[in-house]
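Worksheet: the structure to be examined is printed underneath.
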Amino acid sequence: MSANESDKILDEKNSLHESLSKLSVNKDESDINDSNKAANLRDLEKKREDYLEWPEYFMAVAFLSAMRSKDPCTQVGACITDSNNRIVGVGYNGMPIGCSDEILPWGKTSSKPLENKYMYVCHAEMNAIMNKNSADLRGCKLYVALFPCNECAKLIIQAGIKEVVYMSDKHKSKPSTEASKMMLNMAGVKLQQFVPKNSKIVIDFKEIDWNISI
Ligand SMILES: O=c1ccn([C@H]2C[C@H](O)[C@@H](COP(=O)(O)O)O2)c(=O)[nH]1
Ligand SMILES: [Zn+2]
1 MSANESDKIL DEKNSLHESL SKLSVNKDES DINDSNKAAN LRDLEKKRED
51 YLEWPEYFMA VAFLSAMRSK DPCTQVGACI TDSNNRIVGV GYNGMPIGCS
101 DEILPWGKTS SKPLENKYMY VCHAEMNAIM NKNSADLRGC KLYVALFPCN
151 ECAKLIIQAG IKEVVYMSDK HKSKPSTEAS KMMLNMAGVK LQQFVPKNSK
201 IVIDFKEIDW NISI
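Read in UniProt numbering, the sequence shown has 102 at position 102, and its numbers run on one by one without any break.
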């Protein structure tokens, strides 16, 4: 055999080898794809593990409700639940029914008390209690974005709510928060700061694959 012929045979052999190894890489990829598909199908037959737990869900409802607030500084939401984990009241801070939130003030820095929001705004907890859809709230839990003020604490106690789960305690040094804590403790209302398991809970309508056109 000539040197030329032997080179040609060697080239053909190398090229065959290359094609075979490409085929085997493709086969590996397709094996991985198949096993991913199988795993996804198996997942669809099992209970989901990343669903929202009750406390996360109720606090998220409180925060969603806060998004309805027109207060430019602080939006507070509250969600009341019964012993069967049913939501029995939801509310956010806003002006009283029939009192125009276009006319009443939203500011807080006027030297005239009548020109500040504080005289008029109904607190989230008050609205959640007033909006209740069950006969009474005895033994219920209240989930709220901000630790309740002293006025809300009185309503919580009188309504028979037995536990307050709050997110922020940013006004802890205010006398109204101190008075609130004193009364809630005296009345035996359990206080628990919420520790979120999820740093984010997102509803992205565009991500939901239900053929919704946005
Ligand atoms: O227990 C509470 C305390 C306060 N709020 C509401 C009332 C106001 O609308 C804001 C507080 O306004 P700032 O500008 O932060 O003073 O929060 C409530 O709903 N519940
Ligand atoms: Zn309050």
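For every residue, glycine included, the Cβ atom is placed at its ideal position computed from N, Cα and C.
Give me the Cα-Cα distance between residue i and residue j, rounded to the nearest whole angstrom.
i, j, result
"residue 43", "residue 30", "20 Å"
"residue 161", "residue 139", "5 Å"
"residue 127", "residue 204", "28 Å"
"residue 209", "residue 70", "32 Å"
"residue 7", "residue 37", "45 Å"
"residue 34", "residue 45", "17 Å"
"residue 85", "residue 110", "43 Å"
"residue 117", "residue 202", "31 Å"
"residue 88", "residue 191", "19 Å"
"residue 32", "residue 81", "46 Å"
"residue 103", "residue 150", "27 Å"
"residue 74", "residue 49", "34 Å"
"residue 14", "residue 28", "21 Å"
Leaving out five residues on either side along the sequence, give the residues of the same chain with a beta carbon under 7 Å from the beta carbon of residue i.
i, result
"residue 68", "92"
"residue 198", "56"
"residue 79", "58, 61, 62, 65, 87, 90, 128 and 143"
In the DSSP output, which residue or residues are listed as bridge partners for residue i?
i, result
"residue 78", "91 and 144"
"residue 158", "In DSSP, residue 158 forms no bridge with anything."
"residue 191", "164"
"residue 122", "94"
Closer than 6 Å by C-beta to residue i: which residues in its own chain qualify, once you throw out the five before and the five after it? Chain order, please.
i, result
"residue 72", "106"
"residue 171", "177"
"residue 96", "122"
"residue 77", "62, 63, 65, 66, 92, 124 and 145"
Output yes if chain B places a C-beta closer than 8 Å to the C-beta of residue i; else output no.
i, result
"residue 109", "Absent from the structure: chain B. Only one protein chain is present."
Contact defined as beta carbons within less than 8 Å: I believe residue i pairs with residue j. What is the distance between those atoms, to the nearest angstrom?
i, j, result
"residue 168", "residue 146", "5 Å"
"residue 164", "residue 156", "6 Å"
"residue 184", "residue 153", "5 Å"
So if I measure from each beta-carbon to every heavy atom of ligand 2 and keep distances below 6 Å, which residues remain?
123, 125, 148, 149, 151 and 152
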